[in-house]
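Using numbering that gives the first Met the number 0, the first residue of the sequence shown is number 0, and each one after it goes up by one. Presented below is the structure to which this report refers.
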Amino acid sequence: MTSTPYDGLDVMPLAGAWRAGSSPDRFVDTDPYTGEVILEGQRASVSDVDDAYAGAVLAQRDWARTSPGERSAVFLRTAELIDARTEELVDWLTREAGTTRMRAYVEIGIVRATAMAAVTHTALGSRTVASDVPGKENRIYQRPAGVVAVISPWNFPLHLSFRTVAPALAVGNSVVLKPAEDTPVTGGLFIAKLLEEAGLPPGVLSVVIGRGSEIGDALVEHPTPRVISFTGSTAVGQLIPAKAGVKRLALELGGNGPMVVLDDADLDHAVDAAIFSNYWHQGQICMATNRVVVDASVHDELVDRFVARARDLVTGDPRLPETHVGPIISERQLAGVRNKVARSLDAGAELLLGGDPSGPTGRVLPPHVLLGTNDIPAAVEEVFGPVATIIKARDERDALAIANDTTYGLSSAVFTTDLERGIAFALEVEAGMTHVNDTTVHDDVHAAFGGEKQSGLGRFGGEWVLDDLTTEHWVSVQHVRRPLPF
Ligand code: NAD
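Put into structure tokens, the structure is as follows:
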């Protein structure tokens, strides 16, 4: 069945009604590959944020009282709508976020799985715990936290918004969502349209389209939300706690993923995984492999094979099925990536593969390969572009020290043909996630996704996501009158 594409995306759902933002300034949504303006509208103001929160408080009371079955129905229907609207979504993701078609299908698959997983979160329960007081019954009820603020980035916009929005709504919270400036539709408005069509009542989800610098503080400092779920850079994320005050924080921040290749690794497998982890979505992934750390005994062979594979990747228009590497999202991001490469070369790195950006907007940066040490800027900082840094390690011990010598701790990987050795190594890596013989870019709605160190606080996926989105209410019942001290 074909559906009519969603329209009216130049306005936003605010407290139950779709209307223009009340800021005098406009948002302009552009295709990062062609430069074409695909959507324009009026941005949200601080007073729109107030309205969204006021509506969220009102709507949450009734939403929290709906039955698990009613809430499940919304998410089952959302999954059906995602199926029916897959091509429409692929079109938006390629045009707005510059993703290749293959990557768009993967993202949509994860979002569909998240909608299905949300069904499992709809029935919150309670349990009893023993008391030292005779005749006392302790009941601990798991409850929705209340109003949840979600702030998301542009790189996997649909998934990174929906992974909080879906479980937050499933347990009976209301949500105010602020997608990134570059992806207002795939990070926000399309999600609102899907949930609205699936039967979510008005006001339970509001979307505010605007700049972080203009409405970010209002969203975070506002007294209404009980939870701030922020996914984005460490630079912005580390400022959130002081502004949020007494609220729960879920912070999913930047990464600097090491992929360690030990001396007994299957090199073909390791090179394939490293190519994917470095260049998928132009390296604009928090879990991307920022550093390939290679045992000295296999280093030169790995470098040769890696450069040969990277040279063969197809760059260009993300709409074409053969394209591996498309455009960088914005001029600002492209300039930042090129600056990190230039500073790394100044610091002594060797450029094994490079080239100038191309395409209509000049934003398709070809795969770069740097040979360097762990102290060059491309190894110390998160690059967020198609740039691999290969670092030679003396041995396993040195490889572990290099892998851990970073302020970040999100994803990581180790390659070895000895699985027990791989697991032992993985447990020594200071990261939230370590994959043995696989890419660093791996997410699974059923597993605990999150970071250590400056990469964040909290976990998504499985039952772990509920830690941030629910609260406990202790109700005690005194069955027999108890003796009191006076
Ligand atoms: P960013 O920090 O610039 O922006 C993220 C979001 O925060 C956007 O919606 C932005 O508008 C908003 N924002 C900006 N300033 C704000 C402020 N003062 N107050 C409140 N909100 C504000 O990040 P980005 O460039 O959009 O995304 C890339 C970064 O996100 C990378 O560092 C990447 O590693 C990280 N990321 C992390 C994960 C994860 O799960 N750990 C996933 C994807 C991306």
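We put the CB at the ideal spot given by N, CA and C, even for glycine.
Name the one or two DSSP bridge partners that residue i has.
i	result
residue 161	Residue 161 is not bridged to any residue.
residue 41	25
residue 432	410
residue 257	290
residue 452	DSSP, once it has assigned bridges, lists no residue as partnering residue 452.
residue 17	12
residue 332	Beta-bridge pairing links residue 332 to no other residue.
residue 314	324
residue 205	175
residue 71	In the DSSP output, where bridge partners are listed per residue, residue 71 has none listed.
residue 141	471
residue 349	370
residue 150	177, 229
residue 388	290, 369
residue 459	448
residue 136	476
residue 249	228
residue 304	For residue 304, which the question treats as bridged, DSSP gives no partner whatsoever.
Could you tell me which of the options sits nearest to residue i, measuring between CA atoms?
i	options	result
residue 477	180, 174, 138	138
residue 418	261, 75, 293	261
residue 105	79, 92, 116	92
residue 339	302, 355, 381, 306	381
residue 310	225, 236, 353, 484	353
residue 135	482, 475, 115	475
residue 452	45, 43, 131, 256	256
residue 449	302, 117, 411, 402	411
residue 110	268, 379, 9, 82	82
residue 50	4, 124, 221, 101	221
residue 119	460, 473, 361, 127	460
residue 456	175, 388, 230, 445	230
residue 27	2, 180, 117	180
residue 234	342, 254, 53	254
residue 484	319, 132, 121, 101	132
residue 351	364, 305, 319, 363	305
residue 301	258, 252, 202	258
residue 217	379, 177, 247	177
residue 396	293, 61, 408, 333	293
residue 280	360, 191, 364	364
residue 278	436, 342, 79, 367	367
residue 287	384, 70, 182	384
Cutting at 6 angstroms between CB atoms, please list the residues of its own chain near residue i, excluding the five before and the five after it.
i	result
residue 11	206, 208
residue 486	Residue numbering for the chain in the displayed model covers 0 to 485; residue 486 lies beyond these limits and cannot be assessed.
residue 463	447
residue 57	none
residue 13	47, 50, 51, 205
residue 444	112, 113, 116, 460
residue 296	262
residue 335	none
Can you find a heavy atom of the ligand NAD that lies under 7 angstroms from the Cβ of residue i?
i	result
residue 210	yes
residue 51	no
residue 220	no
residue 466	no
residue 232	yes
residue 463	no
residue 325	no
residue 151	yes
residue 155	yes
residue 316	no
residue 383	yes
residue 454	yes
residue 159	yes
residue 253	yes
residue 216	yes
residue 178	yes
residue 421	no
residue 282	no
Grab me the residues of residue i's own chain with a C-beta within less than 7 angstroms of its C-beta, minus the 5 sequence neighbours each way, in chain order.
i	result
residue 77	114, 193, 194, 197
residue 406	452, 453
residue 24	42
residue 8	38, 184, 188
residue 487	Here the chain has residues from 0 to 485 only, and residue 487 is not among them.
residue 264	297, 414, 415, 416
Within a Cβ cutoff of 8 angstroms, which residues of the same chain sit near residue i, ignoring the five residues on either side of it in sequence?
i	result
residue 107	81, 85, 88, 89, 92, 157
residue 21	41, 43, 44, 46, 47
residue 346	371, 374, 375, 376
residue 18	10, 11
residue 160	149, 151, 176, 178, 186, 187, 190
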